[in-house]
Every structure is written in C-alpha cells, then in structure tokens.
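Below: one structure, written as structure tokens.
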Amino acid sequence: MLKQLSLLVCFALLACSHEPERVKAKKQQDSICVVDSTDAKVCISEPAQRVVSLFESALDGLYMLNQGHKVIGIPAEIYLQPLLFDAYSKLDTRIAKRSISTPSQGANAINIESLMLLKPDLVILGSGQTQAVDLLKQFEIPVYIMESSTYDQVKEELYEVALLTGAEQRAQSLLAFSDQLIADVATKTARQPNKQSIYYAWSGGRIFSTSGRKSITNDFIELAGAYNIVTTDASQPNVNPETLIEWNPDNIVLWNTQPELIYQRKELQGLSALKQQKVFNLTPAFIYNPHTIKIIVTAIYLNQSIYPEHSDLSVAELKLKILSELYGENIAKALMQ
Numbered sequence: 001m002l003k004q005l006s007l008l009v010c011f012a013l014l015a016c017s018h019e020p021e022r023v024k025a026k027k028q029q030d031s032i033c034v035v036d037s038t039d040a041k042v043c044i045s046e047p048a049q050r051v052v053s054l055f056e057s058a059l060d061g062l063y064m065l066n067q068g069h070k071v072i073g074i075p076a077e078i079y080l081q082p083l084l085f086d087a088y089s090k091l092d093t094r095i096a097k098r099s100i101s102t103p104s105q106g107a108n109a110i111n112i113e114s115l116m117l118l119k120p121d122l123v124i125l126g127s128g129q130t131q132a133v134d135l136l137k138q139f140e141i142p143v144y145i146m147e148s149s150t151y152d153q154v155k156e157e158l159y160e161v162a163l164l165t166g167a168e169q170r171a172q173s174l175l176a177f178s179d180q181l182i183a184d185v186a187t188k189t190a191r192q193p194n195k196q197s198i199y200y201a202w203s204g205g206r207i208f209s210t211s212g213r214k215s216i217t218n219d220f221i222e223l224a225g226a227y228n229i230v231t232t233d234a235s236q237p238n239v240n241p242e243t244l245i246e247w248n249p250d251n252i253v254l255w256n257t258q259p260e261l262i263y264q265r266k267e268l269q270g271l272s273a274l275k276q277q278k279v280f281n282l283t284p285a286f287i288y289n290p291h292t293i294k295i296i297v298t299a300i301y302l303n304q305s306i307y308p309e310h311s312d313l314s315v316a317e318l319k320l321k322i323l324s325e326l327y328g329e330n331i332a333k334a335l336m337q
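Structure follows, in structure tokens:
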C-alpha cells in the first residue's frame, strides 16, 4: 500500500515540474551543450538544421517538436515495417515518397559513408553503437545517444533534443501537457481496488524476453493501475516457460506481436490470461510507443482493456486529445483511422 501511495505521489508531482531533473544543457561560450545517456557532452554552435536520426523514438520526437523538416536521414525500419511507414507517411510527404535517405541497414548497421554524404550537423543514435559514434566524432560530427529506458529519461531526452534543434519552447509546452495528463490519469487509475498483474513480452515475437521493475514498461504498467509480475530490477530479463507458468499472470501484454504466438503455445494453455482471453497487443506500435511521451496512450488503453467494468477513462477521446497535441488535429485523425 505504501508503495502504491508513493507511486501516486510521484506521478502527481510530475505536474508541478515541466523540465527534466537531469537537464544539464546550457550555453557555453555561444555553444549549446547537453549531456547524453552515456554521460558524453554534446555541443553545437547553433541549433541543428540537418539532422540524421537513426533512433526511431528520437525521430518521432522531432516531429512532435515540429522539427521534422530538419530530418535528412531516418532508420531503414521506417520503410521496411508497413505500420511504421504508414504512420510516418502521414507526418512527412517525403517519407511517403521514400525520398529521405536511410543510411542504415538495420538497427545496428550504419553505413558511415552514406551518412557522411548527407552532411549532417547532428546525428542521433541509440545506445550500443560505440564504433559508429567513435567514427563520427573523428569527423567532428556531433552525436547524441538516446536510451529512453524510463519515463523520466524520455522527458530528459526530448528536452535535450529540443535544445539541440532550437525547439525549447515547444518541448516545455509538450512536457507540461504530458506531466499534467499523467498526473490526472495516475489519480484515476490508482483508485483500482484489486490490481491485476501483467506480464510484458518484447516486440518481434520475443515472448520470453520481458522487462523488470526499473524500466519504462514498469512505468506504463503501474500508470495503467496494474502491477508488473516481474519482480527483478533488471531492465531486460529473459524467462523460461516454466517460470511464466509459475507466475500465472492475469494479463499478457505484447508490443507489435500477434497474440496467436501466445495462444498457440501448448505449454501455456493453463495460464489465466489465455483462459480469460486477456492477451493484448499494443498495435500499431507507432501510436502505442511507450519509449515516447505517448506512454500515456499505452496506459489508458491498458487500463480500459484489463478493467473494462471499472475504467472511467475515455480511450478514444483521450487518444485524439494526446495525438492532436503532439502532431496536430488533422494528422491525429489520420493516425486513428
């Protein structure tokens, strides 16, 4: 009970602070400097005008910040995954025409030569690409590394990307909106008397790869008024079928994975979630991307899905409100079709 109360207080306090706690950005000798997720300082002399973003959540954030016109390079997955392509085509006609370059051959396969030919003044990458980062820094190209592993980090990184691209005011507005809405949603979902458990499985059919308590997955599960059945703090633990059977979660949540992969597993047929048909797929992944401030959309959808008799959250109305704030009403309506 104490932990649940602390969580509610934590989310409620978010509405009082619209800037990330870890913002270390500041102007130094006419430069804009931030500290990224690897604790590396990233400095540019003026707001970036030519941005290559090979981290999909960062690309999404640039469009939220109204900086999409500065994007000159995107991840190959945008063109390769139909649902992602459909969503981003609504955000940028250049993507619809497949005219923006993709200097990558997958999540961790960057074509440095192709990237260099784009002449970027800022490159945004996900963590774990040390070799590419070192090469780019040799050419004095600013590289900002993102992780987006918790909601607090999502906010911090969005704000820092905004500083690097000259969109600070827009970021402040988005974060104020997000913080207030999350506080409101947390207040409502915390009233749930009998909290249910959730087991979360990673995208791409990795049903025995999950997320622990110190993760953004845990953030949206608790915001939805449920609890993570995984008790370890490890952010990316793997489990075996026997463990999942022992846990016997009330709900199973998938992200961009067909529920049939769960329902077809003979050894899992005894799980309560399967018997009660409570396996939920967060799709389309673009709308339910918890590695952005759209974590709120994910939480309200889950709250209504697992507590249909008790939820008083209007999912369609709130989804339209959130997407309209992030991308504009016309795009929001197109995304919801």
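Under the UniProt record's numbering, the letters of the sequence shown match residues 1 to 337, in that order. Think of the CB as a built atom: it goes at the ideal place given N, C-alpha and C, for glycine as much as any other residue. Since we're looking at a predicted model, the values are computed, not measured.
Under a Cβ-count criterion, where at least 16 other Cβ atoms within 10 Å of its own Cβ denotes burial, should residue i be classed as buried or exposed?
i    : result
D121 : buried
D233 : exposed
M64  : buried
I322 : buried
A316 : exposed
E309 : exposed
K90  : buried
K27  : Legend: pLDDT at K27 = 46, less than 50; position of this residue unreliable, no value from coordinates given.
L14  : Because L14 carries a pLDDT of 43, less than 50, the predicted location of this residue cannot be relied on, and the following value inherits that uncertainty. Counting Cβ neighbours within 10 Å, L14 comes out buried, since at least 16 surround it.
P290 : buried
L318 : buried
Q138 : exposed
I295 : buried
E156 : buried
Judging by CA-CA distance, which residue of the options is the nearest neighbour of residue i?
i           : options                   : result
N299        : P284, A186, N240 and L118 : Looking at the sequence itself, residue 299 is Ala, so the reference to Asn does not match. Of the candidates P284, A186, N240 and L118, the one whose C-alpha sits nearest the C-alpha of A299 is A186.
T283        : S324, G204, K266 and R213 : G204
L320        : E309, M336 and S311       : M336
I221        : A76, P237, Y200 and E140  : Y200
Y327        : I293, P142, Q304 and G126 : I293
V297        : T102, Q129 and L181       : L181
L244        : R265, W255, E260 and L302 : R265
W202        : Y263, D92 and A285        : A285
P259        : N281, S311 and Y88        : N281
T93         : T257, H69 and N303        : H69
residue 344 : A40, F55, D30 and S53     : The shown model of the chain, from 1 to 337, leaves out residue 344, and the question about it has no answer.
So, under 8 Å CB-CB, residue i and residue j are touching, yes? Tell me the CB distance rounded to an integer number of Å.
i    : j    : result
L115 : G73  : 6 Å
E147 : S37  : 4 Å
S209 : Q236 : 7 Å
G225 : A190 : 7 Å
R206 : V230 : Not confirmed; about 14 Å, so no contact.
K195 : L313 : About 16 Å separates the two Cβ atoms, so there is no contact after all.
S127 : I145 : 6 Å
I216 : V154 : 7 Å
I44  : P142 : 5 Å
Y263 : L274 : 6 Å
Tell whether a beta-carbon distance below 7 Å holds between residue i and residue j.
i    : j    : result
I306 : N218 : no
L163 : V279 : no
A96  : I110 : no
Y159 : S197 : no
A58  : I112 : no
Q67  : T150 : no
V51  : V71  : yes
S324 : A332 : yes
P75  : S104 : yes
E267 : P249 : no
Please decide whether residue i counts as near chain B, where near means a Cβ-Cβ distance under 7 Å.
i   : result
S57 : Within the model displayed, chain B is absent; a lone protein chain is all it includes.
Q.
What ranges does the alpha helix (DSSP H) occupy inside the segment 232-260, keeping only unbroken runs of at least 4 residues that lie completely in it?
A. Runs of the alpha helix (DSSP H) inside the segment 232-260: 241-247.
Q) Which runs of the beta strand (DSSP E), 3 residues or longer, sit entirely within the segment 21-72? A) Entirely contained in the segment 21-72, the beta strand (DSSP E) runs reaching 3 residues are, in chain order, 26-28, 31-35, 41-44 and 51-53.
Q: Please go through the segment 191-217 and give each complete beta strand (DSSP E) segment of 3 or more residues, from N-terminal end onward.
A: Unbroken beta strand (DSSP E) runs of no fewer than 3 residues, entirely contained in the segment 191-217, are found at 197-201, following chain order.
Q) In the segment 147-179, which residue ranges form an unbroken alpha helix (DSSP H) of at least 4 residues, counting only runs that do not cross its ends? A) If we require 4 residues or more, the alpha helix (DSSP H) runs fully inside the segment 147-179 come out as 151-165.
**Q.** Continuous beta strand (DSSP E) assignments of at least 3 residues falling wholly in the segment 258-328
**A.** Entirely contained in the segment 258-328, the beta strand (DSSP E) runs reaching 3 residues are, in chain order, 279-282.
Q) Enumerated in chain order, which unbroken segments of the alpha helix (DSSP H) with a length of 4 residues or greater are wholly contained in the segment 90-131? A) If we require 4 residues or more, the alpha helix (DSSP H) runs fully inside the segment 90-131 come out as 93-96 and 112-117.
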